[in-house]
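A.B. asks: Take this structure, written in structure tokens, and hold onto it; I'll ask about it next.
Protein chains: 2
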Amino acid sequence: MKQISGGVCAPVGFKAGGIHCGIRRNHSKKDLALIVSQTKAAAACVYTQNLVKGAPIYVTKENVSDGCAQAIIVNSGNANTCNANGIEIAKGMCRLVEEYTGISQNDVIVASTGVIGQPLSLEPISNGMKELTEGLGDNSDDAANAIMTTDTKKKEIAFSFNAGGKECHIGGIAKGSGMIHPNMATMLVFITTDCTITSEMLQKALSEDVKTSFNMISVDGDTSTNDMVSVMANGMAGNKIINAPGDDFESFCAAMSAVTKYLCRAIAADGEGATKLLTCLVTGAKNDDTAKIAAKSVICSSLVKAAMFGADANWGRVLCAIGYCGADIDVNAVDVSFASEKGEIQVCCGGAGVDFSEEQAKEILSENEIIIKVTMHEGSGLAEAWGCDLTYGYVKINGDYRT
Amino acid sequence: MKQISGGVCAPVGFKAGGIHCGIRRNHSKKDLALIVSQTKAAAACVYTQNLVKGAPIYVTKENVSDGCAQAIIVNSGNANTCNANGIEIAKGMCRLVEEYTGISQNDVIVASTGVIGQPLSLEPISNGMKELTEGLGDNSDDAANAIMTTDTKKKEIAFSFNAGGKECHIGGIAKGSGMIHPNMATMLVFITTDCTITSEMLQKALSEDVKTSFNMISVDGDTSTNDMVSVMANGMAGNKIINAPGDDFESFCAAMSAVTKYLCRAIAADGEGATKLLTCLVTGAKNDDTAKIAAKSVICSSLVKAAMFGADANWGRVLCAIGYCGADIDVNAVDVSFASEKGEIQVCCGGAGVDFSEEQAKEILSENEIIIKVTMHEGSGLAEAWGCDLTYGYVKINGDYRT
Chain Y
1 MKQISGGVCA PVGFKAGGIH CGIRRNHSKK DLALIVSQTK AAAACVYTQN
51 LVKGAPIYVT KENVSDGCAQ AIIVNSGNAN TCNANGIEIA KGMCRLVEEY
101 TGISQNDVIV ASTGVIGQPL SLEPISNGMK ELTEGLGDNS DDAANAIMTT
151 DTKKKEIAFS FNAGGKECHI GGIAKGSGMI HPNMATMLVF ITTDCTITSE
201 MLQKALSEDV KTSFNMISVD GDTSTNDMVS VMANGMAGNK IINAPGDDFE
251 SFCAAMSAVT KYLCRAIAAD GEGATKLLTC LVTGAKNDDT AKIAAKSVIC
301 SSLVKAAMFG ADANWGRVLC AIGYCGADID VNAVDVSFAS EKGEIQVCCG
351 GAGVDFSEEQ AKEILSENEI IIKVTMHEGS GLAEAWGCDL TYGYVKINGD
401 YRT
Chain V
1001 MKQISGGVCA PVGFKAGGIH CGIRRNHSKK DLALIVSQTK AAAACVYTQN
1051 LVKGAPIYVT KENVSDGCAQ AIIVNSGNAN TCNANGIEIA KGMCRLVEEY
1101 TGISQNDVIV ASTGVIGQPL SLEPISNGMK ELTEGLGDNS DDAANAIMTT
1151 DTKKKEIAFS FNAGGKECHI GGIAKGSGMI HPNMATMLVF ITTDCTITSE
1201 MLQKALSEDV KTSFNMISVD GDTSTNDMVS VMANGMAGNK IINAPGDDFE
1251 SFCAAMSAVT KYLCRAIAAD GEGATKLLTC LVTGAKNDDT AKIAAKSVIC
1301 SSLVKAAMFG ADANWGRVLC AIGYCGADID VNAVDVSFAS EKGEIQVCCG
1351 GAGVDFSEEQ AKEILSENEI IIKVTMHEGS GLAEAWGCDL TYGYVKINGD
1401 YRT
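Quick mapping for you: the protein sequence lines, in order, are chains Y and V. Number 351 in this note's numbering belongs to position 351 of the first sequence; there are no gaps in the numbering. Number 1122 in this note's numbering belongs to position 122 of the second sequence; there are no gaps in the numbering.
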């Protein structure tokens, strides 16, 4: 497996583009993205678990229910959620894709991100479609920019890998920022690949993958109404079709995991107001589920997050978050260390504090990538979760977002 | 029922005091409190659900296992948690109470709040006991001050009420601030009453009460290792003993509820960095449990909290928090309004936005007590939860607390 350039256009047969069509007032910010495959592709999606769902989620679910898709249209600036005519507008976006590309409106994945509860007009989208489709090309970059909201950095990655002796490619773009706002920073992830794989195996790969990737990130504990991760596989790499578990499927899953883990870290590191990427690595747990619950609890604790912002080796907060996580854990067996590029320092052993150099801890925690290592000495379960620090910036962004 | 002065000393037969003994370096901040009853009292407690528990929790549990107590000793500045010798120190505190007051060490409720994982020395406590016990009197105020940590306001209240034709009194003090820090702002609540009631009925009253009082507050979603609510009833009001449900028990529960609701609101309003008290009132839910889950989810949402700080009528975040709360709710039937002393404004009807005056909403949300009203139109379940806004101050306090 090798990292390559090109994002969602790295796989053979995919084109992308992104423009400013006028949903946003700011002309310098793109707000509409399109990704198309040359041929109909196997498709798989996972969606938000929030009971309040954006209209595009319903339309996408219906469109990919046959396991196929050929295009993705996404706007930023408006979530098209909690509007009376949301479904109609989301279907209208799909229809516009058909009108301008010839791809059936039933093969379109549609997504929106932005403010909730404000009607989304089709007009700017309709006006922009000509420019958008004419500009389709090797422009993953433009699509990645167009889906950004309060993201400060574009999130894009691609890898090449081998399946059945053929070189395949997989690429992805994402937006995150809050994890994940109800009305602004929905997490959206779009993955493309030229690998040949059935939609069943594609869905299996994706559903498994998100358990240890996107479901293990938290910026603020809020689950958006519009979260979506989608993958299209158009088979243009020409490998023997992957229709069952085996070596080729493993290769595909590993490549997908490389894409999703990269995007997870990028989303967490670019959490609203974040200055640090936090990773909580739990090992030695009774089982993986226990490790997951504990890792996520640590990453979600406002107190841990604020301490990390202040480079404060406040391990009691880590232990406390493990204590209330809900899993059955022997807290008297827990060790805690903090690590970064500057080294590693143990701060808690067997559930109690150990003497450590506050100075060295401060140096380690002043880096912008921190690993909180938790060892449980109860088994071989492990998990990793990603998050970010809680900062003045988060409060500022979310205290006056709409105004 | 009538509000009266005197706090935990309002009930007949209770004395209190608070001093600076030297656990904290700051000489102007009291750090040790004592509350004693003239006679042995029925006692009931509820404790943190965190698996990591402070040593004082274990010792208190043992001491009140017979349903009796006569004194409460509390220090701030050190949580006596995750220390090798924590139990020994907590028992030492009880022994000091026996030594200076003659009350059996087995009848002492002991609590600590402050930094986790740093050994607590008995020495300053021992040195302070003479001053503390000599100063015992009508000093609920001093005790309330001594248990404060990052609290900015003392929390104290008392009521008189009638049980079986006798005038009874009930009073309480609390500390909160973070809800509830692992290493600083543990929630501690101490209630006294001169009502005559069995320890069984006292425990029943308290356990019922916390479900709709202290379990419905959140400042930051973190559950402390040291949380404790205790009540002592010394029977000196001379009412006929309450040993079964009935009118007298109802009167007692109502009076206790007045104390706990007042302290809940005071704790939430004084959450770390808070500028506003938020109340989420859910009505029309399928049942009370559904209402509770939804109300708490709204109050816990970082996005809702930050929006309230910014006086931003961002109702999509309220709906979103209801959508991910985990209860089975018809989100398309939900109405949302914001209210304060400046009036009330509906912002969402049947799960969708309604036109409203942003100006009026801003005016309403600029007050320091905000009610978020959620109506579900599915039944008659209701619940109230209390919290506070998320501010720069919270980040500041928790980003560099220990340093």
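Yeah, the Cβ is synthetic: ideal placement off N, Cα and C, and Gly gets one too. In this text the structure is predicted, and so the values were computed from the model without any measurement.
Restricting to Cα atoms, I'd like to know which of Y:His-377, Y:Ile-157, Y:Met-187 and Y:Lys-91 is closest to Gln-3 of chain Y.
C.D. replies: The residue with the shortest Cα to Cα distance from Gln-3 of chain Y is Y:Ile-157.
A.B. asks: In the DSSP assignment, what are the bridge partners of Gly-1017 of chain V?
C.D. replies: Answer is V:Leu-1034, bridged to Gly-1017 of chain V.
A.B. asks: Could you tell me which chain Y residues have their CB closer than 7 Å to the CB of Ile-1329 of chain V, listed as they occur along the chain?
C.D. replies: Those are Leu-51, listed as they occur along chain Y.
A.B. asks: Under 7 Å between beta-carbons, which chain V residues line up against Phe-309 of chain Y? List them in chain order, please.
C.D. replies: By Cβ distance, chain V contributes Val-1395 and Gly-1399.
A.B. asks: Kindly indicate which residue of V:Ala-1321, V:Lys-1155, V:Leu-1188 and V:Lys-1211 has the alpha-carbon position closest to the one of Thr-223 of chain Y.
C.D. replies: When only C-alpha atoms are compared, the closest one is V:Ala-1321.
A.B. asks: Since Asn-1083 of chain V meets chain Y, which of its residues come closer than 7 Å, beta carbon to beta carbon?
C.D. replies: Simply Ala-352.
A.B. asks: If you scan the segment 47-118 of chain Y from start to end, which runs of the beta strand (DSSP E) of 3 or more residues do you find wholly inside it?
C.D. replies: Those beta strand (DSSP E) runs which fall completely within the segment 47-118 of chain Y and span 3+ residues are 68-78 and 108-115.
A.B. asks: From the beta carbon of Ser-301 of chain Y, is the nearest beta carbon of chain V less than 7 Å away?
C.D. replies: So yes, Ser-301 of chain Y belongs to the interface.
A.B. asks: Going by CA-CA distance only, name the one from V:Lys-1362, V:Asp-1312 and V:Ile-1329 that's closest to Lys-396 of chain Y.
C.D. replies: Here the closest residue by C-alpha is V:Asp-1312.
A.B. asks: If you measure beta-carbon to beta-carbon, which residues of the segment 1214-1225 of chain V are closer than 8 Å to chain Y?
C.D. replies: Under the 8 Å Cβ criterion, the segment 1214-1225 of chain V contributes Asp-1220, Gly-1221, Asp-1222, Thr-1223, Ser-1224 and Thr-1225.
A.B. asks: Taking CB distances under 7 Å as the criterion, tell me whether Ala-1306 of chain V reaches chain Y.
C.D. replies: Interface residue, yes.
A.B. asks: Comparing the C-beta of Leu-1319 of chain V with each C-beta of chain Y, is any distance below 7 Å?
C.D. replies: Chain Y contact via Cβ: present.
A.B. asks: Bridge partners for Cys-300 of chain Y per DSSP, in chain order?
C.D. replies: According to DSSP, which records beta bridges pairwise, Cys-300 of chain Y is partnered with nothing at all.
A.B. asks: Is there contact between the segment 1348-1356 of chain V and the segment 1224-1237 of chain V, where contact requires at least three CB pairs shorter than 8 Å?
C.D. replies: Because the criterion of three Cβ pairs below 8 Å is not met, the segment 1348-1356 of chain V and the segment 1224-1237 of chain V do not touch.
A.B. asks: Tyr-1262 of chain V touches chain Y at which residues, Cβ-Cβ below 8 Å?
C.D. replies: None at all; the shortest Cβ gap to chain Y is about 26 Å.
A.B. asks: Check the Cβ of Gln-1346 of chain V against every Cβ in chain Y and list those closer than 7 Å, keeping chain order.
C.D. replies: Neighbours of Gln-1346 of chain V on chain Y: none; closest Cβ ~13 Å, over 7 Å.
A.B. asks: If the cut is a Cβ gap below 9 Å, which residues of chain V does Thr-391 of chain Y touch?
C.D. replies: Correct list: Val-1395 and Gly-1399.
A.B. asks: So the candidates are V:Glu-1208, V:Met-1376, V:Val-1219 and V:Ile-1125; which of them puts its Cα closest to the Cα of Lys-1286 of chain V?
C.D. replies: Among V:Glu-1208, V:Met-1376, V:Val-1219 and V:Ile-1125, the Cα nearest to that of Lys-1286 of chain V belongs to V:Met-1376.
A.B. asks: Pick from Y:Lys-362, Y:Val-8, Y:Ala-291 and Y:Thr-81: whose alpha carbon is nearest that of Ala-144 of chain Y?
C.D. replies: Checking every option, the nearest Cα to that of Ala-144 of chain Y belongs to Y:Val-8.
A.B. asks: Do you know how far the Cα of Lys-1154 of chain V is from the Cα of Glu-1099 of chain V?
C.D. replies: Going from the Cα of Glu-1099 of chain V to the Cα of Lys-1154 of chain V covers about 29 Å.
A.B. asks: DSSP state of Val-336 of chain Y, grouped into three classes?
C.D. replies: Val-336 of chain Y falls in the strand class under three-state DSSP.
A.B. asks: Spatial neighbours of Asn-139 of chain Y within its chain, please: CB distance less than 8 Å, with the 5 preceding and 5 following residues excluded, ordered by chain position.
C.D. replies: Result list for Asn-139 of chain Y: Cys-9, Lys-15, Ala-16, Gly-17 and Gly-18, in chain order.
A.B. asks: Any chance the segment 364-380 of chain Y sits against the segment 1123-1136 of chain V, with 3 or more Cβ pairs inside 8 Å?
C.D. replies: They do not touch, by the three-pair rule.
A.B. asks: Within 10 angstroms of the Cβ of Ala-295 of chain Y, are there 16 or more other Cβ atoms? Answer buried if so, exposed if not.
C.D. replies: Ala-295 of chain Y should be labelled buried.
A.B. asks: Give a yes or no on whether 7 Å exceeds the smallest Cβ distance from Ile-267 of chain Y to chain V.
C.D. replies: So no, Ile-267 of chain Y is outside the interface.
A.B. asks: Hey, how far is the Cα of Gly-1284 of chain V from the Cα of Tyr-324 of chain Y?
C.D. replies: Distance between the alpha carbons of Gly-1284 of chain V and Tyr-324 of chain Y is about 31 Å.
A.B. asks: Does Ile-116 of chain Y get closer than 7 Å to chain V when you measure Cβ to Cβ?
C.D. replies: Yes, Ile-116 of chain Y counts as interfacial toward chain V.
A.B. asks: In the structure shown, what three-state DSSP assignment does Lys-204 of chain Y receive?
C.D. replies: Of the three classes helix, strand and coil, the one that applies to Lys-204 of chain Y here is helix, per DSSP.
A.B. asks: Where does Gly-1171 of chain V land, buried or exposed, given buried means 16+ other C-beta within 10 angstroms?
C.D. replies: Result: buried.
A.B. asks: Just the C-alpha distance for Ser-218 of chain Y and Cys-1253 of chain V, rounded to the nearest angstrom, thanks.
C.D. replies: When rounded, the distance between both Cα atoms is 41 Å.
A.B. asks: How about Asn-316 of chain Y: is its C-beta nearer than 7 Å to some C-beta of chain V?
C.D. replies: In the sequence as displayed, the identity of residue 316 of chain Y is Gly instead of Asn. Yes, Gly-316 of chain Y counts as interfacial toward chain V.
A.B. asks: Determine, for Tyr-1324 of chain V, whether the minimum Cβ-Cβ distance to residues of chain Y falls below 7 Å.
C.D. replies: Yes, Tyr-1324 of chain V lies at the interface with chain Y (some Cβ there is under 7 Å from its Cβ).
A.B. asks: Flag this pair as yes or no: are the beta carbons of His-1169 of chain V and Asp-1194 of chain V separated by less than 7 Å?
C.D. replies: Cβ atoms of His-1169 of chain V and Asp-1194 of chain V: closer than 7 Å.
A.B. asks: Below 8 Å CB to CB, which residues in the same chain sit around Leu-1319 of chain V once its five sequence neighbours on both sides are set aside?
C.D. replies: Closer than 8 Å at the Cβ level, and outside the excluded window around Leu-1319 of chain V, lie Val-1331, Val-1334, Val-1336, Cys-1348 and Gly-1351.
A.B. asks: Could you spell out the range, first to last residue, of the alpha helix (DSSP H) harbouring Ile-405 of chain Y?
C.D. replies: Chain Y is shown from 1 up to 403; residue 405 of chain Y falls before or after that span and cannot be answered.
A.B. asks: Which stretch, first to last residue, makes up the beta strand (DSSP E) that contains Glu-1341 of chain V?
C.D. replies: Note, Glu-1341 of chain V: premise wrong, no beta strand (DSSP E); not H, not E.
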